[in-house]
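Take any residue in the first sequence, count from 1 to its spot, add 2: that is its number in the working numbering.
Here is the structure we will look at.
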Amino acid sequence: MNYWLMKSEPDVFSIDDLKKKKRTMWEGVRNYQARNFMRDAMKKGDKVLYYHSNCKEPGIVGLGEILTDTAYPDPTQFDENSNYFDPKATKEKPRWMLVDVGFVEKFDHEISLKSIKENPELNSMKVAQKGMRLSIQPVDKSHFDKIIQLK
DNA sequence: GCCAACGTTGGC
DNA sequence: GCCAACGTTGGC
Numbered sequence: 003m004n005y006w007l008m009k010s011e012p013d014v015f016s017i018d019d020l021k022k023k024k025r026t027m028w029e030g031v032r033n034y035q036a037r038n039f040m041r042d043a044m045k046k047g048d049k050v051l052y053y054h055s056n057c058k059e060p061g062i063v064g065l066g067e068i069l070t071d072t073a074y075p076d077p078t079q080f081d082e083n084s085n086y087f088d089p090k091a092t093k094e095k096p097r098w099m100l101v102d103v104g105f106v107e108k109f110d111h112e113i114s115l116k117s118i119k120e121n122p123e124l125n126s127m128k129v130a131q132k133g134m135r136l137s138i139q140p141v142d143k144s145h146f147d148k149i150i151q152l153k
């Protein structure tokens, strides 16, 4: 089992949106490293720390899980009307792959980025490093367990 | 809204 | 294949 942190802007798709929808296609990722994690490493049952970014109080707000064992093409890359449209992608040779993410729980209180940086047991997490803007990051089990303790 | 850090693009 | 220019991310 692997552990991940996935960023989402709450204005675009928040933990409450996920709670309402129960599951979602993780569409719109246009970064190769992040794509490769979804395509090559994610497995059904992997746990996901749901992170709100680009907002007033960035931080981990809940828990999700990976629902698919095999990544599949992100449909938005073929949609000319989508912000995520990629003219270089074709159905035969899709460039962007995604997985489905399911809702598990929303934390009673958010674990803010600030508190992660201040916690010596958590401040080595990738998300706390300067300039780290990858939207999908692997998480150490020890870090994951600590977050669950704090939630 | 600013801007540092980073990733991607494209000319050469 | 280098690297300058550009675009994006995301904390603050």
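From the three backbone atoms N, C-alpha and C, an ideal C-beta is built for every residue, glycine too.
Predicted model, so just to flag it, every value in this text is computed and none were measured.
Check, Outcome
"Proximity to Lys128 [Cα-Cα], best of Gln139, Pro122 and Phe80", "Gln139"
"Cβ neighbours of Phe39 in the same chain (closer than 6 Å, five flanking residues each side left out)", "Ile138"
"Beta-bridge pairing of Leu51 - partner residues as DSSP gives them", "Leu7 and Leu65"
"Proximity of Leu51 and Val106 at Cβ, strictly below 8 Å", "no"
"Inter-residue Cα distance where the pair is Lys108 and Asn83", "32 Å"
"Residue interval of the beta strand (DSSP E) (run including Glu112)", "Asp102 to Ser114"
"Arg37: first and last residue of the uninterrupted beta strand (DSSP E) it sits in", "Here Arg37 belongs to no beta strand (DSSP E); instead the alpha helix (DSSP H) covers Tyr34 to Asn38."
"DSSP-derived helix/strand/coil call for Gln131", "coil"
"Beta-carbon gap between Glu123 and Lys148 smaller than 8 Å", "yes"
"Contacting residues, own chain, Cβ-Cβ under 7 Å from Lys45 (five flanking each side not counted)", "Asn4, Ile68 and Asp71"
"Candidates Leu100, Gln79, Val63 and Trp6, of which the one nearest Ser117 by Cα", "Val63"
"First and last residue of the uninterrupted beta strand (DSSP E) at Gln139", "Ile138 to Pro140"
"Proximity below 8 Å, CB of Tyr53 to CB of Leu7", "yes"
"Minimum C-alpha distance to Lys93 - residue among Asp81, Val14, Val103 and Asn85", "Asp81"
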